DNA sequence: TCCGGTGTATTACTATATTAATACACATGG
DNA sequence: CCATGTGTATTAATATAGTAATACACCGGA
C-alpha cells in the first residue's frame, strides 16, 4: 500500500463544511489527472489527524466520494481511486475553475481593488502555488 | 430613504452559509468604499425575496453586521452603514482578496490547468466582472 | 499468531443554519 | 388616519455538520 503524501487544504473558517472541502479537492485532483485509478488516498485517521478533525467527518467525505463512484473503500487498505474515475474534459475543468475564480474576482472588486491590483495579486498567487 | 440598487450574490450551493455570504459581501463593500456611512442596505424583505431565503436569515446577517459595528439597524427605515464604518487600508484589502484568490488558483491547479489556461480564465472573469 | 494499519458501526450529543408565521413597533407620506 | 414600507420577537421545527468513544471486521507483513 503506497502511502500517498497527498494533503488536503482544509480552511475551517471558510464557512464551507469540512467534509465538503475534502470531497471538492479529491474531485478536482481526479478531474485534473493528479489522482488516477488505483491511487490511494490518505487514510481516514491520517487526514483526521492532519486536519485536526474527527475521523467520522473524513469518513463522511470519503463515503460521498464512494457514492459518486470516484473512489472505492477497501477495508483494511484504504480508499482507492476507482477504475471508472477519469480525468474530466478540459472544457469542464475550465468551467469549474471559472466558477471559483469569478466570485473571488468579484469580491476583489467589492474590496475596491483596481484591475491592476487584482492582476498583481493573481500573479503572485499563481507563482506561490507553483510549488 | 434611498432604495439602494445593491444586490447580493448568493450561491446557495457553495457550501457557505447564506447569512455568511451576505455579511462577507457587506464587509467587502464597506472596506472597498462602495458603501459609505449613511448608505442604506436593501431591506430584509427585499433581500429575502431576491435571494429566495427566509427574512430571518437575512436579519441574522444584518444582526451580525450590527454587532460588528458595520451597520446600524433603524427600525422602520432599514439598515444604515455606520458612521464608524470606514474603508479598510489597501494592504488589508489586498490581503483579503489574496485569501480568496489563492485557494481558487490552487484548485485550478488541482484541476490540471496550466498557468496559461488559468491566466486566460482569470482575464475573462476580470473582463466579465467589469460590468 | 501477532502487530500495526485500514475503514465501520453505533448511539448520542452538541452546535449551527434555516425556516415558518404572525403580530408588533416604528417610520414615512398622502 | 390609512397605506406602505421598515425591522423584530417568538417559539418551534427541521436539517445539517461535527463530534465522541470504542470495539469490530478487514488487511498485510513479519
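Residue numbers (UniProt numbering), protein chains in the order written: chain A, 1 to 131; chain B, 1 to 131.
The C-beta atom is built at its ideal place from N, Cα and C for all residues, glycine as well.
Here the structure is a predicted model, which means the values were calculated and not measured.
DSSP three-state assignment for residue i, whether helix, strand or coil
i                      : result
residue 40 of chain B  : strand
residue 10 of chain B  : coil
residue 34 of chain B  : coil
residue 73 of chain B  : strand
residue 16 of chain A  : coil
residue 78 of chain A  : strand
residue 26 of chain B  : helix
residue 59 of chain A  : helix
residue 2 of chain A   : The predicted model places residue 2 of chain A with a pLDDT of 41, which falls under 50 and marks its position as unreliable; any figure quoted below should be read in that light. Here residue 2 of chain A sits in coil by DSSP.
residue 117 of chain B : helix
residue 47 of chain B  : helix
Check whether residue i and residue j have beta carbons under 8 Å apart
i                      : j                      : result
residue 38 of chain B  : residue 112 of chain A : no
residue 125 of chain B : residue 101 of chain A : yes
residue 129 of chain B : residue 109 of chain A : yes
residue 72 of chain B  : residue 82 of chain B  : yes
residue 48 of chain A  : residue 55 of chain A  : yes
residue 46 of chain A  : residue 121 of chain B : no
Same chain, Cβ closer than 6 Å to residue i, neighbours up to 5 away in sequence not counted
i                     : result
residue 51 of chain B : 10
residue 74 of chain B : 80
Sequence-distant residues of its chain with Cβ nearer than 8 Å to residue i (five each side left out)
i                      : result
residue 118 of chain B : 105, 108 and 109
residue 19 of chain B  : 57, 58, 60, 61 and 64
residue 1 of chain A   : Note on residue 1 of chain A: pLDDT 37, under 50, position unreliable in the model; the coordinate value appears next. Closer than 8 Å at the Cβ level, and outside the excluded window around residue 1 of chain A, lie 40, 77 and 78.
Cβ-Cβ separation, residue j to residue i (assumed contact under 8 Å), whole Å
i                     : j                     : result
residue 70 of chain B : residue 22 of chain B : Incorrect: roughly 11 Å between the Cβ atoms, too far for contact.
residue 30 of chain B : residue 85 of chain B : 5 Å
residue 41 of chain A : residue 6 of chain A  : 7 Å
Chain-order list of residues whose beta-carbon lies under 7 Å from that of residue i (same chain, five-residue window excluded)
i                     : result
residue 36 of chain B : 81
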